[in-house]
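Comments concern the structure below.
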Amino acid sequence: MKYIIALDQSTQGTKGLLLDEGGSPVCRVAKSHEQIVLPNGYVEHRPEEIYQNVLWAVRELIKKSGVAAEDLLGVGISNQRETALAWHRETGVSFGNAVVWQCGRGEAICQRIAAAGHEEAVRQKTGLRLSPYFSAAKIAWILENREDAKAAAREGNFLCGTMDSYLIYRLTGGKEFRTDVSNASRTQLMNLTGLDWDADMCDWFGIRREMLPEISSSDSLFGMTDFEGTLDREIPIHGVLGDSHAALFGHGCRKSGQMKTTYGTGSSIMMNIGEKPVWSRKGLVTSLAWRIGGRTEYVLEGNINYTGAVMTWAVKDLGLLSSAAQADELAFAAAENDTTYIVPAFTGLGAPYWDTDAKAMIYGMGRQTGKAELVRAVDECIAYQVADIVKLMEEESGFPILEVRADGGASRGEFLMGFQSDILNVPVYAAENEEISGTGAGLAAGFGLGFYDESVFRDRAYREYKSRMSEERRKLKYEGWKDAVRRVLMK
């Protein structure tokens, strides 16, 4: 039996997987890293801690599985996407901590670029709304605020990128400085159609092209590694994808119009739109899905801040239930005719409403509304938010939604998945494989090595949910959601 190592370097930690010849995980290890939140709200990770956790994950995989090094064919890496860092070309030592995707410290830099009149050009070139969420403003902040970074830049020793390029650099002993198209498309520095660093974007953010990694196909050979002597021979890093893109690939969404939703703390809803980009006019973003097998494919993506986080609020802050695992029992027990809606605008509303000043609201309660009805409203508000994005994607892409693939912790909820299917009126398939991002990166590596082909997407284990709601009730429920949102938006 031969295996692929898949490394999923996520926001919370690093997971290592062994994928077998059928592309399924047969061994898993995981280790978290510290979440550094500074008093001013900045969010950081220690790069060296993450790198050491990657080495640990490989050692533990081999120890736990007993697999021999000669049976390991290659490595795939998925990673938290917009998190950015910079390091010294000669030493590999980072200039401070990594700036996590949640961190908005680059806001003033984005405002400066907008004031210069470049906001629409940024969207046209990169497919992304000008925002400190993406990597470019984070890297620019490092260059502008750290003296050691400025000195290295003057000497030609300043390198920067997303977490994948840092890990590749370290794992190959500084021999390779590369990233893949999916990660590059989330930096706000790559030209979406040229698939290369955009001269204007680099100029506006003050980042020289030579500071940035080479952009490669997602199934490229990114270099060779023995994980600092963990293996007695080097094996190829042959697949790299941003985590959401890796999940889309792991679901086998290879055709235009296929889509997935990740139900985590927030949600990433992503649709494969084929070989030509679609520029959204209503707040979605356009990115690269991947370049695999010589074929470049694009995605539309919408992000929701509060999905699983709403359930966390119900558990920890409201005390409605002791754990999210109780949600199904209560939601199914709720009165069918209750009309309670929760609009979770705790930090404003995103697509398709775009009101940063909106406030959260519970609306439509009756005398019968109790704990069960509130818990059901929590589950339902997650599905309504996803439905808003899915309907917007259908409108802007021109592709009819035939099904939705689901993953993430909240996708284990029977009520939520059933209601999602009801409100969208399409089947929802929730993956049994909880490590879909890591699996997707491993599959990409296997494709690059010629180890896997399209057959690995057959017979994947999913729980299927089909709509049982009448059209009349579906319309009534969704109109109630829209009415609740309108009330939130009233000034």
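Positions in the sequence shown are counted from 1; adding 127 to them yields my numbering.
Where a beta carbon is used, it is the ideal one built from N, C-alpha and C, also for glycine.
Identified DSSP bridge partners for residue i
i: leucine 375; result: DSSP output for leucine 375 lists no bridge partner at all.
i: glutamate 424; result: Trp417
i: methionine 488; result: Val470
i: serine 205; result: Asp135 and Leu368
i: threonine 392; result: In DSSP, threonine 392 forms no bridge with anything.
i: glutamate 246; result: Glutamate 246 pairs with nothing; no bridge assigned.
i: leucine 664; result: An answer regarding residue 664 cannot be provided, because it is not within the stretch 128 to 618 covered by the chain.
i: isoleucine 163; result: Glu171
i: lysine 387; result: Met397 and Arg532
i: proline 527; result: BP columns for proline 527 are empty, so no partner.
i: isoleucine 362; result: Thr352
i: valine 412; result: Glu428
i: leucine 199; result: Tyr130
i: valine 227; result: Looking at the DSSP assignment, valine 227 forms no beta bridge with any residue, so it has no partner.
i: alanine 157; result: Lys142
Simplified DSSP state of residue i, which is helix, strand or coil
i: tryptophan 331; result: helix
i: tryptophan 324; result: strand
i: valine 254; result: It should be noted that the sequence gives glycine, not valine, for residue 254. In this structure, glycine 254 counts as coil in the three-state DSSP scheme.
i: alanine 557; result: strand
i: methionine 617; result: coil
i: proline 152; result: strand
i: phenylalanine 542; result: helix
i: tryptophan 481; result: coil
i: alanine 461; result: coil
i: leucine 476; result: strand
i: leucine 576; result: helix
i: isoleucine 550; result: helix
i: lysine 602; result: helix
i: methionine 128; result: coil
i: lysine 382; result: coil
i: alanine 278; result: helix
i: valine 405; result: coil
i: lysine 302; result: coil
Option nearest residue i by Cα separation, candidates the options
i: phenylalanine 79; options: Thr299, Met398 and Ala326; result: Absent from the structure is residue 79, since the part of the chain shown begins at 128 and ends at 618.
i: threonine 483; options: Ala472, Tyr490 and Gly491; result: Ala472
i: alanine 184; options: Lys443, Arg208, Leu200 and Ser159; result: Ser159
i: valine 583; options: Ser151, Ala558, Glu247 and Leu134; result: Ser151
i: alanine 462; options: Leu476, Glu500, Val194 and Val442; result: Glu500
i: serine 343; options: Ile419, Ala558 and Arg503; result: Ile419
i: aspartate 291; options: Val249, Leu368, Leu339 and Gln162; result: Leu368
i: asparagine 272; options: Ser309, Glu599, Ala241 and Phe222; result: Phe222
i: leucine 144; options: Arg600, Ala225 and Leu570; result: Leu570
i: alanine 537; options: Leu529, His245 and Val505; result: Val505
i: alanine 267; options: Met328, Glu282, Ala478 and Gly379; result: Met328
i: valine 531; options: Met397, Leu427, Gly446 and Trp406; result: Met397
i: alanine 235; options: Tyr260, Gln251 and Gly254; result: Tyr260
i: serine 137; options: Lys409, Glu209 and Tyr468; result: Glu209
i: aspartate 87; options: Ala416, Glu217 and Glu598; result: Outside the shown range of the chain (128 to 618) lies residue 87, about which nothing can therefore be said.
i: glutamate 282; options: Gln229, His215 and Lys518; result: His215
i: aspartate 580; options: Arg590, Tyr592, Gly567 and Asn310; result: Gly567
i: glutamate 187; options: Asp534, Gly377, Leu358 and Ile400; result: Leu358
i: alanine 157; options: Tyr169, Gly140, Val164 and Glu171; result: Gly140
Terminal residues of the beta strand (DSSP E) in which residue i lies
i: cysteine 508; result: Looking at the DSSP string, cysteine 508 is not in any beta strand (DSSP E); the run it does join, the alpha helix (DSSP H), is 498 to 524.
i: threonine 314; result: From DSSP, threonine 314 is part of no beta strand (DSSP E); its letter is neither H nor E.
i: arginine 186; result: Segment 174 to 192 is the alpha helix (DSSP H) holding arginine 186; no beta strand (DSSP E) there.
i: glycine 140; result: 140 to 146
i: isoleucine 342; result: 341 to 343
i: threonine 218; result: Premise fails: threonine 218 is in no beta strand (DSSP E) and is neither H nor E.
i: glycine 350; result: 350 to 352
i: alanine 533; result: 531 to 534
i: arginine 305; result: 305 to 307
Where the alpha helix (DSSP H) containing residue i begins and where it ends
i: valine 437; result: 435 to 439
i: phenylalanine 285; result: No alpha helix (DSSP H) holds phenylalanine 285; the beta strand (DSSP E) holding it covers 285 to 289.
i: glutamate 562; result: Unbroken run through glutamate 562: none, as it is neither H nor E.
i: alanine 267; result: 262 to 272
i: glutamate 79; result: Beyond the ends of the chain as shown, which are 128 and 618, falls residue 79; an answer cannot be given.
i: arginine 239; result: 234 to 242
Residue i at chain C interface by Cβ criterion, 7 Å
i: serine 309; result: Absent from the structure: chain C. Only one protein chain is present.
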